[in-house]
Every structure is written in structure tokens, then in C-alpha cells.
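S.K.:
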Amino acid sequence: MYCSLRWLLMSSYTLTIILLLSLVTMPPTTALKHKNLTIGTIFPMTGGWAGGKACLPAVKMALDDINKRHDVLPDYNLEMDYKDSQCMPGLGTKVLYELLYNPPTKILVLTGCSIVSTFVAEAAKMWNLVVLAYGASSPALSNRDRFPTFFRTHPSATLHNPTRVKLFQRYKWKRIATIQVSLEVFTSTIDDLERKVKEANIDIAVRQSFLTDPTNAVKNLKRQDARIIVGVFYEDMARRVFCQAYKEKLYGKKYVWFIIGWYPDNWYMAEDKSINCTVDQLKEALEGHFTTEAMILNQQPTKTLANMTSQRYKERLDSKLNVSDTSQVTGYPESPLAYDALWAVALALNKTAARLALKNLTLDEFDYNKKHITDEIYSAMDSTSFLGVSGNVAFSSEGDRIALTQIEQMINGTYHLMGYYDSVTDNLTWLDKEQWLGGKPPPDHTRFVRFLRVVPQGLFFSMSVLAFFGILAGIVCMSFNIMHKHRRLIIYSHAGVNNVMVVGCQMCLFCIFLIGMDGQFISEDIYPVVCQIRAWLLTIGFTLGYGSMFSKIWTVHRLATTRKKERKVVRKWELLAVLVCLLVIDMAILVPWQLLDPLYRHLEKFPPEEPKHTSEDIMLEPYLEHCSSKNMKIWLGIMFSYKGVLLIFGLFLAYETRSVKLKQVNDSRFVGMSIYNVVVLCVITAPITLIINSQQDATFAFMSLAIVMCSFLSMGLIFGPKIVDVLNNPHQEGMEIRALTDSLASREEEERYQRLLAENEEIKKAIAQKEDRLKDLNERVKKAQQQMLTMKKENYVSPPLTDATNNSIACTAPMKPLNNINLPLQNLNTNNMSSLQSKPDLTSANIQNGQKSGQIIVDLNTDSGLTSVPNSVLTNSPNNKTKASELDPFC
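In case it helps, full-length UniProt numbering puts the sequence shown at residues 1 to 891.
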């Protein structure tokens, strides 16, 4: 009996122990969890970011792990009711209403992408629901006034911005550019970045956005010299952006791109019919870019709250996904965030249940009107902190996840870890593995190197040598004048004025040195002084050089237009007076110019140029020095007008006196030729140098050559013939050099010569006419002599002449032969008189009056030598008392 009792007691004890052991080892859900809590979950299974493909399996895995734990929600079994939002805000709002209006009551909502989370979180506060997002990064969700019950395990996109700023500071980039899709999530991210870079004294120089086509935005980045570019957009838009960047050559060693890091590793290899770039082209454009992303997988081998390491988590998830390449699964990098999100919900509800128990309340009493339970859930969620597979999980006062940021760089098509950044402690852990296409970090903008355009030294020294020899030639010319000042050749050329002309040429030649002196020889402070000296020397030198020739030609013209009797000796002071007047005008312009508007150093800027002999990423910014003043155009207009009138007037005087030869100025013809040369060269050079003022080489060459040619030609024309004459006639003093003038006479003699030629032609014509008349007269005289000779031989008495009027008969005397009549004739060729000799015993009757002619007789005073006797004389009229015998001895 005792043994039986003892066995019975032993059996009862053993059964108790077995029962207790079975209770301990029994799963909690089976033994204790008898109440259900439903969580409404929204997953983007398709759409812009189909993260639900990897995040939904992770949440299911977390749900199983939590329900198996007896220390978390021991009285509750978690369930979830999930919907697909396709990452579309409209559809997301619709499924939210379906979750709310369909039982059971949802104690909390779990969401995915940012654009859906924005609408869900804004509406959920009306139902007193706490919203937790595992894939939302929009900075706008950090607004507690707008989203008072929102939390997220996915760090805000603004978490990337401190990391980006830290990298900008590391590489000393002060100028960045941004490009984004015009969505709130990305706009708020760039707004936050702009605030942070301003605090770091960094400037966002270019900010571009687009909806679906990034073509113009990328072109604007290229046009505005963007180098450090931050891009925020979804994966599909990223392919479009970098396809266009490839076309615009907005990649390579000059550029650095920063984009979002939560794309899959081979996101650019996905087939995309919306772009026309190959995978290789995208890979080329993406080479060297950086990504920033929150640490979403614990890198330490320690076990998490779920009693497993992050590596074990990946193995379990990979087995559930059952794919060979998890990088092809969208949302795979964010899946640890979804897993930890459900654990955060469980821990917050567990803490809330304990607090509600003190108030004799339970979680299953929650409905959408129980705001006090929502407040308890919110308070518990806000204080949640644990080690998850994604790292330390904790929330800021804005509900944002506090996490480390990792930086990666694409090298040869593969992402490589570069380092980590902890924004809380401002600690950057850098691995120094970055690679630069150019061997070093590129500058944040095109580096412009100021490049002063100067006159090439070869051109400057060659022109300086010519100017130096010109100055020496002037010294030789002045020495020649001094050595031969007593020769008439030098005296009549006015050696003093010629010396002034040489001094003017030397001053202009010396200006060549000053014109070529630019920034390579003198400093910025000295340059304005050189400008002033250049203006004075060139103006006065031109006046002395050209003015000396002008005064000579003016004097020659004045003497040539003066009567010979009124001409005076040319005095030296008269020539110098003209020069003084011209110098006074120069002073009247130069003095006010320097006092009122002095010259200063002006820099002309040219478009940037690429360097030809360097591989550095720089652009040359050419500058050119000019002498300028505020009213430069006005002063130049006054000066050019005055000098232009002087040149034109000198040209006119030189043309008018081109043939004048004066003893007082024996080199006037060569002075005129010099004036021709000066005028032509100045008329060509002045406008050309104004047109090509921005081309320092051509401007210097034109001005220098013009000065050299004017100076050498003027000195050569004026002094050359004199030197040649002295060399040919070294001992002849006071000679008149004919080589200095031409063979033509003065203008007066030329006019007289032309008049004599005309008169000679007229006289030749008159002589020809007289010779014809003389020939006719000789023939008639011979004929008359023959008639008289015949009459004498035959004693022929001429019959009485009958008057044609009254038929009266006149007494007619016998006629004597006229062969020896003395006829006075004028020889037209010799202007002398020649005579036809007659016999002394012959006389002639010479009767001439105004009546009608009768018998023909010789009249020595008529052109023909013949005349007729008036009939009234020869008629026996009673009224006529004159007898024929009184008229002729033969009657």
C-alpha cells in the first residue's frame, strides 16, 4: 500500500514536471496569444518604385518571427492586410480607404514609396492612425504640422545632404548644380540641400528640373558650365538623364555626378524602350559617379533583436525570393528597413500594451475614435530604439530614422564602397579608394586663367630695331645740315626747318618703343604714365615732322601766287611761325585732355579660349590693354578732325605747287612728295588701326610700319638728293643743284609757252594764205607785163573807151609797158620788204575815187595792184573840164 502511494506521488510529480516543460517549450502563439491585432500594409508591387517585390517577403518573415516570440506582445497575434498601390498616390489613397472601411480595425498603417506615403500620412491623422513607412525618403514627410503621426525606418532624403556637403568640403568644391524630377519628394530634397550648402558657403549655381524629358535640363547644365552635379530622380528617369548626358558629353574627367544610392546595382542594364542609348553608353556616362545612401544593412556580425545577424537575414530572404540574382529584385536593398519596420511596430505596441494595462485598457479596444490609445502608440513609437538588421533603429523628433550614410563610387561598371558618414557626430570614415578619370578631383567650374594678350617679342624687337636705325638716320641728317650749313644748297632748303622735321620723325619713331610696351614689360601702375607720354610724343612729333613740311609748302604756295615784283626773301621765322601755330593748337587739345579726362589702363575682355598645349582643365580668358579715357571718342574725334584738315590742306597745297620752282625753297618738289606719302599712309593707317584695335599684333605692326615708312621716306626725299649732290661735288660751293628741280619752267613760263605755240600756229596759217595771194599776184603782174610789151612794139593806140552809160568817147593815151613798175611787197616769212625794180623813166597813173571804174591801170595801193580809171574822168562831157592829157602824159 505504501509503495503504491509512493509510486502514485512520484508519477504525479513527474507528470507535473513534464507538463511544465511542455508549457515552456510550447510556442507562444499556441499557448498564450489569443487576441489579433491587424496592421494595414500598402506595398508598391509595380510602378515607379516596385519595392514591394522584396519588402513584402521581408515583412512576412518579420511577422512570423514576432508572432513566435513570447516576450513581444504575449497576448496578441499580429496580422496584416496588404494592398498594392503601384506607387501611385491616387491608387494609394483608394486602398487606404478600403483598408479603413473594411474590417477588421487597423491599429496602424505600414506604407512604402514617398508619394503614396504623403497622401496616406496626411489622411491617416483623421482616423487617429499612426503611419510607419519603410520606403519613404521625402523630406516633406518630416513636417510634424502636416504629418503629426508619421514615422519611417527609411532615412529621409535629407540625410544624404549632410554627406554630400561633407564631400563637397573634402574636395573644396564651392559651386554645384542640381537636376531633379518635378516631384515633391525631390523638390524638398533639393530645397534642404540648398539651405545646407549655403550654411557651408557653397553655391548652387545651376538648378534644373523636368517632368519626363530631361533633354533641355541637361543641355542647360552643359551650357552653364555645371561640373559637380547632384541628381535626384527615380530609377527610370535616371536612365533618361544619363542617356542625354552621354549625348551632351556631360561626363568624364571634368564632371562628377552624385545620385541616389537605393537603385539596384545593375539598374542601368535594365531594358528601357524610352531611351535610345545602349548599356555600354550608359556605363560610359556613369563611370566615376558617386551614390549616397543610408546604411540599410548592419555591417557588424553581431546578433540583432531578432536573434540573428544581418548575414543570416539575407540568407533567409534570398531563400524566400528564390532568385539567382537578387540585384534584379526591386526593393531588395530596402528590405531590411521593411523587416525592422514591423519590429518597430511590434515593440511600440508591446510598450503601449504595458502602459494601457496600467489604465485597465487593452490594445484590442482600439478604434478610430480612441485618440488616447493613438497618443500612447505615438509616444511608444517615438521612444523606440533597438538594434535591427538595418542597424540601430531610432527616430528623431520629426519621425525620421537616424542612421549612418554610406558612399559608393562606380568603377568599371561596379559600385565600390568609399566610406561612411555619421551626421550625428559629424564623422566621416573614408577608405581612400576613390578613382578619378583625370587623376585628380576636377574643379567645380571651368577654371579661367587670365591671359594678357601682348605684342609678340619678335615683332616688337624687329620694329624697335627699325625705329632705332631711323633715329640714327635722323642724327646723321642733322649732322649733315650742320657740316654743310654754308652751302647754298643747304641754305635755300632751310636747314633749321629740316632739322625740326627730323626731330619730329625721331619723336614718332621713339613712340614705337612706347606703343609696344605692354604688360610683359611694365606694371599696371606705370601703364597710364606710358599712355600719357605716348599721346604727347606722337601728337607733337607728328606736328613737328609734318608741320615743317606743311610750313614749307605753304610758303611756296604763297610765293607762287604773288607777283614777281612783290616777292620777298623767305625768312626763317615765317616758317617757324606756322609750326608754332600748329603746336599751340596741339596744346589746346592735349592739356585739357590730360587735366579733365586723363588716360587710364582699360582691359578689353575676350571670349574664353581653350589652351592648345596643355591637358589641364582650364580655359584661357584673354585680356588686352588699351589706353582709354571716359570721353575717348570725343577727344579722338577732335584730334583726328584737326589733323585730317591739316593733311587735306597740305595735300592741296602740294598739288598746286607741284611744278613751282623757287630759289628761296629749292626742295619744294620733294617736300610735296613727302606730303603725298604722309597723307596716303595716315589715311590708310588711322581707320585700319581703329577697326583692328582688338588685334594687338596687327595694330602694332600697322602703326609701327606707318611711322617707319613716313619717317624714312620723308628724310630720304628731303636729305637724299642733297647728300648725293654733296658727295658728287664735294668742293663746289654755292651751286644751284638742278637735280632738286625738274626741267620744266615755272607755271608762268609754261602758260606763256602754250600761248606762243598757239600764236605760232595762227601765224603759219596766215603765212600760207599770203603765199597763195603772192603767187597769184605775180602771175597777174607777168601777164600785164606781156600785154604792155606787145602794145609798145606795135605802137598800138587803144580805142576810145566808151562809157557804158552815155556812149561818150574818152581820150586815150598810148600805154607804156609796166614790166618795171616798182611794187612794194611785204615778205610774210621774214617780215621784211622786197621790191620789184622798174625803169626810172616809167611812171604810173594812180587814180582812185569812189566812182565806177573805166580803163584798168595799175594801183600800187590795192591788193591786186590794178585799178580802173573812172569813166567820168575819161568822158568828153561839157561839164567836165578835166582833160585826158592832164591825167596821163601819153594823152
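For each residue, glycine too, the CB sits at the ideal point set by N, CA and C.
1. In this structure, does DSSP put alanine 121 in helix, strand or coil?
2. Compute the distance between the beta-carbons of glycine 470 and valine 708, then report whether it is under 8 Å.
3. Go ahead and pull the three-state DSSP assignment for threonine 843.
4. Comparing alpha-carbon positions, which option in Ala285, Tyr600 and Glu761 lies nearest asparagine 631?
5. Quick check on phenylalanine 366: does DSSP put it in helix, strand or coil?
6. Within a Cβ cutoff of 8 Å, which residues of the same chain sit near methionine 619, ignoring the five residues on either side of it in sequence?
7. Nearest-angstrom Cα distance between threonine 689 and lysine 643?
8. Taking the alpha-carbon positions, what's the glutamate 122 to proline 89 distance?
9. Could you tell me if asparagine 827 is buried or exposed, where buried requires 16 or more neighbouring beta carbons within 10 angstroms of its beta carbon?
10. Where glutamate 194 and proline 441 are concerned, what is the direct C-alpha to C-alpha distance, given to the nearest angstrom?
11. Please state if the CB of threonine 405 and the CB of glutamate 334 are separated by a distance shorter than 8 Å.
12. Run through the DSSP bridge pairs and tell me what histidine 626 is partnered with.
13. Identify, in the order they occur along the chain, each residue of the same chain with its Cβ nearer than 6 Å to the Cβ of glycine 637, setting aside the five sequence neighbours on each side.
14. Spatial neighbours of glycine 331 within its chain, please: C-beta separation below 6 Å, excluding the five flanking residues on both sides.
15. In terms of residues, what are the limits of the beta strand (DSSP E) holding phenylalanine 510?
16. Are glutamate 98 and threonine 38 close, meaning C-beta to C-beta below 8 Å?
17. If distances are taken between C-alpha atoms only, which option among Glu771, Lys283 and Ser711 comes closest to proline 241?
18. In its own chain, which residues sit with a C-beta less than 6 Å from the C-beta of leucine 576, not counting the 5 before and 5 after it?
19. Run through the region 388-436 for me and flag every whole beta strand (DSSP E) of 3 or more residues, listed as ranges in chain order.
20. Between leucine 509 and valine 530, which are expected to be in contact by the criterion C-beta below 8 Å, what is the C-beta distance as a whole number of angstroms?
21. Whether or not the region 264-277 and the region 365-380 are in contact is what I'm after, with contact meaning three or more pairs of Cβ atoms, one per stretch, closer than 8 Å; do they touch?
22. Which of the three DSSP states is assigned to alanine 346 in this structure?
23. Buried or exposed, going by whether 16 or more other CB atoms sit within 10 Å of the CB of glycine 672?
24. Mind listing, in chain order, the continuous beta strand (DSSP E) runs of no fewer than 3 residues lying wholly within the region 667-745?
25. Suppose contacts are defined by Cβ-Cβ distances below 8 Å. Is phenylalanine 640 in contact with proline 622 by that definition?
26. Quick test of the definition: if touching needs 3 or more C-beta pairs under 8 Å, does the region 245-254 touch the region 204-222?
27. Are there 16 or more other CB atoms within 10 angstroms of the CB of asparagine 67, so buried, or fewer, so exposed?
28. Can you tell me which residues form a DSSP beta bridge with leucine 78?
29. My guess is that tryptophan 173 and isoleucine 228 are in contact by the Cβ rule of under 8 Å, so how many angstroms apart are they, rounded?
30. Are there 16 or more other CB atoms within 10 angstroms of the CB of glutamine 409, so buried, or fewer, so exposed?
31. Given the structure, does leucine 582 come close to the ligand SAH, in the sense that its CB is under 7 Å from one of the ligand's heavy atoms?
32. Answer yes or no: do tyrosine 527 and glutamate 656 have a C-beta to C-beta separation smaller than 8 Å?
33. Bridge partners of alanine 177, per DSSP?
34. For histidine 289 and threonine 374, I'd like the C-alpha separation in whole angstroms.
35. Is it the case that the region 672-686 contacts the region 710-729, given that we only count it when at least three CB pairs across the two stretches are under 8 Å?
36. Would serine 188 and alanine 140 qualify as a contact pair, given that the criterion is a beta-carbon distance under 8 Å?
M.R.: This is what the structure holds:
1. Helix, per DSSP.
2. Cβ atoms of glycine 470 and valine 708: closer than 8 Å.
3. Because threonine 843 sits at a pLDDT of 37, beneath the cut-off of 50, its placement in the model cannot be relied upon, and the following sentence gives the value as read from the coordinates. Threonine 843 falls in the coil class under three-state DSSP.
4. Of Ala285, Tyr600 and Glu761, the residue nearest in Cα terms is Tyr600.
5. If DSSP states are grouped into helix, strand and coil, phenylalanine 366 belongs with coil.
6. Its chain contains Thr446, Arg447, Phe448, Val449, Pro608, Glu609, Glu610 and Pro611 as the residues whose beta carbon lies nearer than 8 Å to that of methionine 619, once the 5 sequence neighbours on both sides are disregarded; these appear in chain order.
7. Going by the C-alpha atoms only, they are around 16 Å apart.
8. About 12 Å.
9. Interpretation of asparagine 827 is limited by its pLDDT of 40, a score under 50 that renders its predicted location unreliable; the figure taken from the coordinates is listed afterwards. With fewer than 16 other Cβ atoms within 10 Å, it is exposed.
10. Those two C-alpha atoms are separated by around 22 Å.
11. Their beta carbons are not under 8 Å apart, which means glutamate 334 does not touch threonine 405 by this criterion.
12. BP columns for histidine 626 point to His602.
13. Hits under 6 Å: none found.
14. Excluding residues within five positions, the ones whose Cβ falls inside 6 Å are Gly51, Lys53, Ala54 and Cys55.
15. Boundaries for phenylalanine 510: no beta strand (DSSP E) harbours it, while the alpha helix (DSSP H) harbouring it runs 495-515, taken from the DSSP string.
16. Taking 8 Å as the Cβ cut-off, glutamate 98 and threonine 38 do not qualify as a contacting pair.
17. The amino acid occupying residue 241 in the given sequence is valine; proline does not appear at that position. Nearest of Glu771, Lys283 and Ser711 to valine 241, Cα basis: Lys283.
18. Once the five neighbours on either side are set aside, leucine 576 has no close Cβ partner at all.
19. With a minimum length of 3 residues, the unbroken runs of beta strand (DSSP E) contained wholly in the region 388-436 fall at 391-394, 405-411, 414-422 and 427-430.
20. With a Cβ gap of about 16 Å, leucine 509 and valine 530 do not count as contacting.
21. Flag = no, the region 365-380 and the region 264-277 do not touch.
22. Here alanine 346 sits in helix by DSSP.
23. By the Cβ-count criterion, glycine 672 is buried, with 16 or more other Cβ atoms from all chains shown falling within 10 Å of its own Cβ.
24. Taken in chain order, the complete beta strand (DSSP E) segments of 3 or more residues contained in the region 667-745 number zero; there are none.
25. Not a contact, by the Cβ cut-off of 8 Å.
26. Yes, they touch.
27. Result: buried.
28. In the DSSP output, where bridge partners are listed per residue, leucine 78 has Leu37.
29. So it is a contact: roughly 5 Å between Cβ atoms.
30. With at least 16 other beta carbons inside 10 angstroms of its own, glutamine 409 counts as buried.
31. Ligands are entirely absent from the displayed structure, and the ligand SAH is therefore not among its contents.
32. No. Outside cutoff.
33. According to DSSP, residue pairing for alanine 177 in a beta bridge involves Val206 and Ile229.
34. Between histidine 289 and threonine 374, the C-alpha separation is close to 44 Å.
35. Yes: at least three Cβ pairs fall under 8 Å.
36. Yes, Cβ-Cβ distance for serine 188 and alanine 140 is below 8 Å.
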